[in-house]
Amino acid sequence: MDNSYRTGKYNFLSLSKKVLLLIGTMFVLGFAYSANAQRLLKGKDNSKSTKTTATSTKVLPVDTLRKNNLDSLGKKGAKTVPDSLKKQDELETTVQYTAQDSTIMDTEKQIVYLYGDAKVTYGNISLQADFIKLNWAINQVDANGTMDSTTKKVKGKPVFKQGNDEYNADEIKYNFKSRKALIQGIVTQQGEGYVQGKKVKKDDEDNLYIRNAIYTTCNLAQPHFHINASKIKIVGKKEIVAGPFHIELNNIPLPIGLPFGFFPYRPPQESGTSGILMPTYGEEPSGRGFYLRDGGYYFALSPNIGVRATGEIYGNGSWGLGANSQYVKRYRYSGNFNVQYRKGIDPDESKVDPTVRNDFSIQWSHSPQSRGNSSFSASVNVVSNSYNQYNSFVTSNYTSNATNSSVQYSKNFGQTIRTGASMNISQNTTTKEVTSAINYNFGLNQIQPFKKKKAVTERFIDQFRFGLDFTGSTSITNKVALDNRSYLSLPYTVYRRVDPTDTNLNKPVTITNSTSTNLERDGVIGFNFDNLGTILSKGQTKMQYSIPISLPNIKLGRYINLTPGMSLSGNVYTRKYSYKFLNFNNFATSDSLRRLGAVKIDTTNGSFVDYQYAFTMSMNTRLYGTLNFKNFGRLAGIRHVMTPSVSVSYTPDFTDTKYGFYQDVVLTNSNTGEKDTLRISSFNPTLTNVGSRSGGINFSLNNTIEAKVKAKSDTAAKEFEKITIIDNLSLSTNYNFFATKYKLAPVSFGATSRVKKFDINIGGTLDPYVYKVNSNYGTVGEQLDEYLFSTGKGLANLSAFNMSIGKSFKPGGNKPKTSPNGTEGQMKQINRNIDSYVDWSVPWEFQFSYQYNYAKRGLAPAVTVSAVTFSGSVKMTEKWDFKVQSGYDFINKGVSLTNISIHRDLHCWEMQFNWTPAASPLYGRASSYSFDLRVKSSLLQELKLSRRRSFYDNGGF
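Taking numbering that gives the first Met the number 0, the leading residue of the sequence shown gets 0, the next gets one more, and so forth.
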């Protein structure tokens, strides 16, 4: 056989000779198949094409022409011819092979030669190469590339695939029976890493033994960095184990090495990958000393749930444990559960017996997907009183003293009925106050009771609508009484036991771990089982109801709409208070104070209802005004739209004692004999106002101004363009007929516009009243029931004004983003949340905003705020990205919060630098910086160089 076929050189034969040789070969093979009773493997004669396909099965076929092991022609006395191919092999499935160029079969040696884009498939194993040699005698396949005579380069190097694994090599020998292989010059991807080696052995358990190997997460043929090892073993689908190795950066060996390496590896799977979480390290110079934090293990339990178990330890003996679990059910819900425990030791080494703190935190969030008529959601955040102070590294948590938790469930029945229930828990870590409440609601969407189902036209009475909203809550709290400061702020003295130590009202009450709450001072008792009976007895149930009523709309003429309305609402209470004035206060500290007397409050439990109702009527229309121009440049006209609205309302005075919702208490000063009458709410002792009927007229006027201009080009699609000059210029006020004074409310105004793509917003308040100097009213002065215009000093004073101007600059404007790689739904999601994505196609962008606020009440000095904030990013190259955020306060003449960020894409590495140079005078030093140079791959995330300094003074390498 001419070996020129093996080299892929065919130039010495003419085309006709090759055709004749191929036909002759097929004829001989066909004769051999029939004469030798199919001694060869099953194959398909495809002499009409240069592409040939053959198959081989596990058990060779029996010769259907053989009779009693004699010659197939049936001659008597003929010599038995044993079938040399009739033997049982261990192939488990069909072997299929194809070749683009040609297929040569050596029937004597049982070898098949495949040339040109050859491929052999055996189960989930496939092998492709420019040349493949298939040896059936030993069940072995050899594959390698061939030299291209034109480019002088090797083409068609072997590619071996087994399942999802792929190996690129220079030469491969694989045995189907033993499942072992010898590979020369391998390149394979294992997870996020790439392994290259010169000599490789593969055993029947899919383990790879590689000599002179490198391991990297860089996908280049010449990687930027790699781990160079004398030998590497890839153990199944679990891990990669390396012998003695060192790190090379750009092929420069570094003096960094280890005697062995272990790299956990799992192929991509829905449930994720379990593995070790490396801790962060550093030092708290003024705190707990050196530390290891957030180290532990991640458990990928299933595709729907994973658990992150972590711990931390400090140099002074403090330690902590925690578990965080994330779960998701596709198209149904997702959530996160986090529980943390910390045992903290006071870092003050001077103390013989340091303080030990036991802190905990429980957080749970659950979010449903919008689906069906019901939903369940939760946001739970329960912490010990000192957890955030000593263990939180988030600025908002570190400075906050309040936490809130809630769980909600809602369900709708058809299009009419709404129901819901929730549970809320609020906690104040400073005052130690805890409040828990169960809320429930029921709603009836507005219905039209008089409308007929099959009515063709709507009658006047059909417009009548009404609905129902009912809410309720049952709450308990360990704040069983008002705190001392609240009692002292009431306009009357309560007959009660007081805290004699809390006398300086200007000094804040501070409760720390070394102090406890005080019932007389704070109104708070411990939230524990010992006080559970008292807490439950002080629980409250409150319900509210509202019945919105829509009356038929009345048309006055053709252009005026008159809309009457009515509302009815109220509350249901389980506790009612009664008040009695005592001429002598036994709890006072002196005789003169005792003779001032006090109000004794008695509580009655039961069911009590109050109600409020109101009537309204509104009238509105729309007026148009147009001004046309001729020969006035591009300006063709201006249109002004005015929308005036007038409404009248009336609400009775429900603080009148005739309704039974308020009580009059006569206070008597026994020292002077003076008497005063005070009106107090029967359901809330802190409400002591004397109300009045409210009824008046509300007025508002909205304006829109638009311009009509000619198009700049004669070939434009539209001859004229509409430009909005003022989106909305509004003016509103109201006049209360029943108020004893100050009947006219301040006038509010506002305007919005967009000029040259600048967003402009203006708003303010005009005060029409006169003020005079009075030391009893401070710098503001006393407000008189006298209008400013009656004194000849103008119509009103500007008491408040605000203005903001903002603009965003970027090349290409704000056009919607499009991409051939994304679906229509994905692009809509990106365009709706464009600020959440980095647009690498925009080389730069810049936003700025200017705010000006002015406030002046009465005669007091004006308070102004004038500041500008800006942010921007510059993509200096495809790999460099620079961002900055800052501002300037013109009043305080200082720079506001500033952040500078620099990012460099280093292909398989990345560099990130963040610097916040500004400081906060409220919470001490708040400036920080961080520098990270790390490998992108999460597999080698600990291969990094970091330096940082944070606001909580925890630095470290």
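Ideal placement from N, C-alpha and C gives every residue a C-beta, glycine not left out.
query, result
"Distance cut-off 7 Å: ASP129 Cβ against heavy atoms of the ligand MN", "With respect to small molecules bound, the structure shown includes none, and the ligand MN cannot be examined in it."
"The region 640-650 touching the region 674-685, judged by at least three CB pairs closer than 8 Å", "no"
"LYS453 (DSSP reduced to helix, strand or coil)", "coil"
"For LYS721, three-class secondary structure by DSSP", "strand"
"Cα-Cα separation, TYR131 to VAL153", "For the sequence presented, residue 131 should be read as Ile rather than Tyr. So the two alpha carbons sit approximately 15 Å from each other."
"CB-CB length for GLY305 against PHE298, believed under 8 Å", "7 Å"
"Start-to-end residues for the beta strand (DSSP E) that takes in GLN362", "355-367"
"Sequence-distant residues of the same chain with beta carbon closer than 6 Å to PHE469, five excluded per side", "PHE441 and TYR544"
"Identified DSSP bridge partners for LEU944", "LEU932"
"Supposed close pair TYR386, SER360 - CB separation, criterion 8 Å", "5 Å"
"Under the three-state DSSP convention, the category MET802 falls into", "strand"
"At least three beta-carbon pairs within less than 8 Å, the region 577-590 to the region 542-559", "no"
"CA-to-CA distance, GLY777 to GLU432, given in whole angstroms", "35 Å"
"Meets three-Cβ-pair contact criterion under 8 Å: the region 756-772 and the region 780-795", "yes"
"Cβ neighbours of SER936 in the same chain (closer than 6 Å, five flanking residues each side left out)", "GLU191 and THR216"
"GLY314, enclosing alpha helix (DSSP H) - first and last residue", "Here GLY314 belongs to no alpha helix (DSSP H), and DSSP marks it neither H nor E."
"SER125 in three-state terms, based on DSSP", "strand"
"SER927, buried or exposed, once every other Cβ within 10 Å from all chains shown has been counted against 16", "buried"
"Bridge partners - TYR544, DSSP secondary structure assignment", "PHE469 and GLY569"
"Beta-carbon proximity check, PRO547 vs PHE465, cutoff 8 Å", "yes"
"Segment limits, alpha helix (DSSP H) that includes GLN388", "386-390"
"Residue from ASN604, ASP663, THR492 and LEU531 whose Cα sits closest to the Cα of PHE583", "THR492"
"Run of the alpha helix (DSSP H) containing ARG496, from where it starts to where it stops", "Where ARG496 is concerned, there is no enclosing alpha helix (DSSP H), given that its DSSP letter is neither H nor E."
"Beta carbon of LEU700 nearer than 8 Å to that of LEU730", "yes"
"Residues of its chain near LYS599, where Cβ-Cβ distance is below 7 Å and the 5 sequence neighbours each way are ignored", "TYR494, LYS579 and LEU581"
"Entirely enclosed beta strand (DSSP E) segments - the region 745-803, minimum 3 residues", "746-754, 757-766, 768-771 and 781-786"
"Span of the beta strand (DSSP E) around ASP164", "164-167"
"Where the beta strand (DSSP E) containing ILE899 begins and where it ends", "898-905"
"Three-state secondary structure (DSSP) of MET910", "strand"
"Nearest neighbour of TYR623, chosen from ILE637, GLY596 and PHE631 [CA to CA]", "ILE637"
"Beta-bridge partners of HIS639, as assigned by DSSP", "GLY624 and ILE704"
"Neighbourhood of MET910 by C-beta, 6 Å cutoff - its chain only, sequence neighbours within 5 removed", "ARG903 and LEU932"
"Option in LYS342, VAL864, GLY294 and TYR486 with minimal Cα separation from LYS892", "VAL864"
"Three-pair Cβ contact test at 8 Å for the region 255-264 versus the region 237-244", "yes"
"Beta-carbon gap between ARG356 and TYR408 smaller than 8 Å", "no"
"Member of GLN188, ALA168, TYR193 and ASN249 whose CA lies at the smallest distance from the CA of LEU181", "ALA168"
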